[in-house]
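Following: one structure in structure tokens, then a few remarks.
There are 2 protein chains.
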Amino acid sequence: MSSKTLTLVAFAVAASAISASTAISFYIWGKFKRLEKSLNSTLQKCAAERQGRVRAQQALRKALAQPKSENLELTSYPMTPIGVVQSCFSTRNGTPRQPLLVPLARACLVFDASRVPPASLEGLGEYSHCWILYVFHLNTDLEKLWKEPSKSKFKAKVRVPRLKGERIGVFATRSPHRPCPIGLTVAKVEAVQGNTVLLSGVDLVDGTPVLDVKPYLPYCDSIQGAEVPEWVMVENKLTIASVSFAEGFFSTLDDCWGTAGKKSLYASIDELQSLIKQVLSWDIRSVSQRNRPHDSLVMIGNDKAFGNPSDIDENQDEETSVCRSDQGPTPSEDVIYHLILEGLDLSYRIDGNGNVIVEKVSISSEFPNGKQNRCNYSMWRDHLT
Amino acid sequence: MSSKTLTLVAFAVAASAISASTAISFYIWGKFKRLEKSLNSTLQKCAAERQGRVRAQQALRKALAQPKSENLELTSYPMTPIGVVQSCFSTRNGTPRQPLLVPLARACLVFDASRVPPASLEGLGEYSHCWILYVFHLNTDLEKLWKEPSKSKFKAKVRVPRLKGERIGVFATRSPHRPCPIGLTVAKVEAVQGNTVLLSGVDLVDGTPVLDVKPYLPYCDSIQGAEVPEWVMVENKLTIASVSFAEGFFSTLDDCWGTAGKKSLYASIDELQSLIKQVLSWDIRSVSQRNRPHDSLVMIGNDKAFGNPSDIDENQDEETSVCRSDQGPTPSEDVIYHLILEGLDLSYRIDGNGNVIVEKVSISSEFPNGKQNRCNYSMWRDHLT
């Protein structure tokens, strides 16, 4: 081969080598750069995950943190209920506004046996009364409270119609809508059986979670000469003159009792009727219903403007009553009201003289009386005999 | 230049180009590989962070979960205190065992203004008394309670010496060691000023976190004829005959007052002395100290075996008192006891006839009286005049 050809070949090889290596270098460099970009974005993602983890762990530590008593920094204390109330009152409407107002109002306080051994209840039955600390679990603003406990808002003042619409501080009332929605009430201790406490005179709604039970100690808890503002002691305007049952009522009760009787906390239809009479002896209608009577198929909440001393109680809240068939003003005697006890929906009227007539009863589909294995009269029978 | 030289140069260039590009390629490849390794490890780290984040968020969700009221499945309710007690009682020892027992016992309930606007307290001052729901923050088993609230253990029964060492269920007592360590007490409402409630007759330790304040309603809260088991009403064996101050006491108090006076809830040395007398009129020693007197430099806890009706109270717990210098049995008249009020460490003796002699006072290094901006007498002065 001539040297010229060789030279050409050499140059061609050189040129190819250079181009090839340049191409390879560019390729590798490109890959390198993409990898570097990938690494950077992964590092960023990693940093974000770490930030998220740290934040979640800080929030968790805060939620479970030990209290710091040295300063005003206040962390959340997780309180786990020790039991649940199984009460004759299926809804807030009708639940008494004061404890012990309805002596026949029965409830079983069923303790979580896995956390609260029956031995911890021994001796409680020797007290006549006990305090119950519970959660206002039916408050509608609870969701925000639980998610951001330190940031939940609440109404600082509540309306008191008896003070002509003026508002007072929520801590001057027993309103359920408080920063820590813990209720305080007292009940008569009937008996303690295993992990269940039988109570009477209750003012608690069925399903109420209970945080604590304490014996009532008169020398600590009963204060002689305690004073309250005048407006608290103002009497309820309308008193119920009498409670009677319409003729047709008894057959409807017989019809229901077949099913309801097995789950009832009451021995018989007679005893249940006594309960109904006791509950309806107090005007359980909301303030707005008293002022402007209207039909209500089912009361979801009560209008809880405090004005009546018995309105200042634990069970009520401020939401306006929900009326399913609001057909405008109706003559008050024709208005049908409802009361749900033990899952039984009672319809009643109030005439112009304050006489309550209970018309009929049916099994409530909306507020069934809980599961089959509820406490029922059989527990009470052992105690009462 | 001859063609041979050109050829040689061309080959040389080609060879150099090939070697250079090979070298560069190896270099880049090496870097590439290291980068790939780095990326892999970062990806692994990222996965670990994500796992940690998810786990923390799940735990957080569980801690803050919404309550399920349909069944007995009981989730935790995070309760965030609304305020803190600034009390004259620096330690549990000496804190009264009942509310209202020591009328001069003062405290300021300071609300967290960011969460509890002063408007929410309006009207509370019109009640003579109020309930305080608080956390037993000094319980030593709290850490386990907060970390695994649904799994925390507690003693089902507590010892009652008056029942000859028998134990009764914790829910038949007001022991602090309960599944939900919430205390319930009452106090006299002196005044409400801004975000602070002035209280007297308190039985709360300084630094107690407060969950709620409710007005005391006699028609709800005061039960006539409430009964308790006989053993609860058994009288305290040893009553204090008198409380007097040793001669040397006053100079030691003068020495302390210069510093302590500014932060005191009391107007003067005289008023503080009245408080000391009231507190020591009740035998604040633990049951074990009464039975076997021994020196105690500082009482960290009280022996809280319940037997005395006034032992069944909120502030105490069952831990045995910690004695710093236990030198064995000492004649009871020579035993020096301690009481810490407002950060002042008072030493006293009790003679054979139940007379208390307060010997001296010094500023406590272990229980200082909180920060400088505590509530002090100036708030009370405005109210009392």
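Protein chains in written order, with my numbering: chain A, 1 to 385; chain B, 386 to 770.
A virtual CB, placed ideally from N, CA and C, is assigned to each residue, including glycine.
It should be emphasised that the depicted structure is a prediction, and the values quoted were computed from it without experimental measurement.
Status (buried if at least 16 other CB within 10 Å, exposed otherwise) for residue i
i                      : result
residue 366 of chain A : exposed
residue 648 of chain B : buried
residue 212 of chain A : buried
residue 17 of chain A  : buried
residue 312 of chain A : Unreliable placement is indicated for residue 312 of chain A, whose pLDDT of 38 sits below 50; no coordinate value is reported for it.
residue 722 of chain B : buried
residue 289 of chain A : buried
residue 739 of chain B : exposed
residue 593 of chain B : buried
residue 692 of chain B : Its pLDDT being 28, under 50, residue 692 of chain B is placed unreliably by the model, and nothing is read from it.
residue 362 of chain A : exposed
residue 408 of chain B : exposed
Residue span of the alpha helix (DSSP H) that contains residue i, given as start and end
i                      : result
residue 383 of chain A : 377-384
residue 503 of chain B : Per DSSP, residue 503 of chain B belongs to no alpha helix (DSSP H) and is neither H nor E.
residue 606 of chain B : 603-606
Inter-residue Cα distance where the pair is residue i and residue j
i                      : j                      : result
residue 175 of chain A : residue 349 of chain A : 28 Å
residue 397 of chain B : residue 25 of chain A  : 21 Å
residue 469 of chain B : residue 519 of chain B : 9 Å
residue 48 of chain A  : residue 419 of chain B : 24 Å
residue 111 of chain A : residue 552 of chain B : 20 Å
residue 86 of chain A  : residue 43 of chain A  : 55 Å
residue 316 of chain A : residue 286 of chain A : Note that residue 316 of chain A scores a pLDDT of 40, beneath 50, so its modelled location is shaky; the value from the coordinates is reported in the next line. Near 10 Å, if we compare the C-alpha coordinates of residue 286 of chain A and residue 316 of chain A.
residue 96 of chain A  : residue 516 of chain B : 21 Å
residue 589 of chain B : residue 755 of chain B : 15 Å
residue 68 of chain A  : residue 75 of chain A  : Unreliable positioning characterises residue 68 of chain A in this predicted model, as indicated by a pLDDT of 38, which lies under 50. The coordinate reading is nonetheless provided below. Each residue's alpha carbon lies about 8 Å from the other.
residue 200 of chain A : residue 107 of chain A : 6 Å
residue 102 of chain A : residue 279 of chain A : 6 Å
residue 554 of chain B : residue 192 of chain A : 12 Å
residue 54 of chain A  : residue 436 of chain B : 12 Å
residue 543 of chain B : residue 119 of chain A : 10 Å
residue 270 of chain A : residue 257 of chain A : 11 Å
residue 422 of chain B : residue 59 of chain A  : 34 Å
residue 415 of chain B : residue 394 of chain B : 31 Å
residue 155 of chain A : residue 498 of chain B : 14 Å
residue 749 of chain B : residue 165 of chain A : 52 Å
residue 566 of chain B : residue 522 of chain B : 8 Å
residue 753 of chain B : residue 382 of chain A : 57 Å
residue 93 of chain A  : residue 82 of chain A  : 25 Å
residue 727 of chain B : residue 615 of chain B : 37 Å
residue 629 of chain B : residue 667 of chain B : 13 Å
Cross-chain neighbours of residue i in chain A, by beta carbon under 8 Å
i                      : result
residue 765 of chain B : Correct list: empty, because the minimum Cβ distance to chain A is about 20 Å.
Run of the beta strand (DSSP E) containing residue i, from where it starts to where it stops
i                      : result
residue 594 of chain B : 594-600
residue 262 of chain A : No beta strand (DSSP E) holds residue 262 of chain A; the alpha helix (DSSP H) holding it covers 249-263.
residue 662 of chain B : Careful: residue 662 of chain B lies outside any beta strand (DSSP E), inside the alpha helix (DSSP H) at 654-665.
residue 108 of chain A : 106-111
residue 463 of chain B : 462-464
residue 129 of chain A : 129-135
residue 155 of chain A : Premise fails: residue 155 of chain A is in no beta strand (DSSP E) and is neither H nor E.
residue 734 of chain B : 729-735
residue 191 of chain A : 182-193
residue 338 of chain A : 337-341
residue 483 of chain B : Taken as a continuous stretch (DSSP letters only), residue 483 of chain B belongs to no beta strand (DSSP E), as it is neither H nor E.
residue 167 of chain A : 166-169
residue 464 of chain A : Here chain A covers residues 1 to 385 and nothing more, so residue 464 of chain A does not appear.
Listed by chain order, chain A residues near residue i by CB distance under 7 Å
i                      : result
residue 514 of chain B : 223 and 226
residue 596 of chain B : 180 and 182
residue 396 of chain B : 10
residue 587 of chain B : Within chain A, no residue comes near residue 587 of chain B; the closest Cβ sits about 13 Å away, beyond 7 Å.
residue 645 of chain B : Simply none; closest approach about 19 Å.
residue 501 of chain B : 179
Per-residue contacts from residue i into chain B (C-beta, under 8 Å)
i                      : result
residue 94 of chain A  : Correct list: empty, because the minimum Cβ distance to chain B is about 18 Å.
residue 229 of chain A : 508, 511 and 512
Distance cut-off 8 Å: residue i Cβ against heavy atoms of the ligand SAH
i                      : result
residue 127 of chain A : Of ligands this structure carries none, so the ligand SAH is not represented either.
Under 7 Å from the C-beta of residue i: neighbouring residues of chain B
i                      : result
residue 216 of chain A : 608 and 611
Listed from N- to C-terminal order along the chain, which residues in the stretch 414-434 of chain B have their beta-carbon within a distance smaller than 9 Å of any beta-carbon of chain A?
-> 414, 416, 417, 420, 421, 423, 424, 427, 428, 430, 431, 432, 433 and 434
For the stretch 177-193 of chain A, which residues have a CB atom closer than 7 Å to at least one CB atom of chain B, in sequence order?
-> 178, 179, 180, 182, 184 and 186
Proximal residues, the stretch 399-414 of chain B versus chain A, C-beta separation under 8 Å = 399, 402, 403, 405, 406, 407, 409, 410, 413 and 414
Looking at chain B, which residues of the stretch 262-291 of chain A have a Cβ within less than 7 Å of any of its Cβ atoms?
-> none
With 9 Å as the limit, tell me which residues of the stretch 460-474 of chain B have their beta carbon closer than that to any beta carbon of chain A; keep them in chain order.
-> 460, 461, 462, 463, 464, 465, 466, 467, 468 and 469
Select from the stretch 723-751 of chain B all residues with a C-beta closer than 7 Å to any C-beta belonging to chain A, and list them in chain order.
-> none
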